[in-house]
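For the sequence shown, the numbering used here begins at 611 and goes up steadily by one.
Reading through the structure tokens given below for one structure.
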Amino acid sequence: MAFFTTWIVPVICLGLAYYFYHNPVDDKNPLIYALLLVICLGLKLANFAQIIAD
Numbered sequence: 611m612a613f614f615t616t617w618i619v620p621v622i623c624l625g626l627a628y629y630f631y632h633n634p635v636d637d638k639n640p641l642i643y644a645l646l647l648v649i650c651l652g653l654k655l656a657n658f659a660q661i662i663a664d
């Protein structure tokens with residue numbers, strides 16, 4: 611489970627962010643892009659905090 615949230619989800623989020631960044635869909639595009647990046651960075655930061663805590 612830890613592997614899934616640390617690597618797979620952030621990679622998917624980055625991939626989707628890249629896709630939306632290069633293929634504008636509508637007015638909400640920048641919001642979707644920002645949200646995906648925030649999710650990705652949040653998961654990575656949470657993982658690093660967990661590693662440090664251990």
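Note that the Cβ used here is the ideal one computed from N, Cα and C, for glycine as well.
Please report how far the alpha carbon of residue i lies from the alpha carbon of residue j, in whole angstroms.
i, j, result
"H632", "P620", "18 Å"
"A644", "C650", "10 Å"
"D664", "I622", "26 Å"
"I662", "L655", "11 Å"
Looking at the unbroken alpha helix (DSSP H) that takes in residue i, where does it start and where does it end?
i, result
"F614", "Taken as a continuous stretch (DSSP letters only), F614 belongs to no alpha helix (DSSP H), as it is neither H nor E."
"I622", "619-632"
With DSSP collapsed to three states, give me the class of residue i.
i, result
"N657", "helix"
Sort the options by Cα distance to residue i and report the nearest one.
i, options, result
"F614", "L653, L646, A663", "L653"
"L647", "T616, L624, A663, I618", "L624"
"M627", "I642, W617, I618", "In the sequence as presented, Met is not what sits at residue 627; that position holds Ala. Considering only alpha carbons, the answer is I642."
Consider the Cβ of residue i: report whether some Cβ of chain B lies at a distance smaller than 7 Å.
i, result
"I661", "Here chain B cannot be found, since the structure has a single protein chain."
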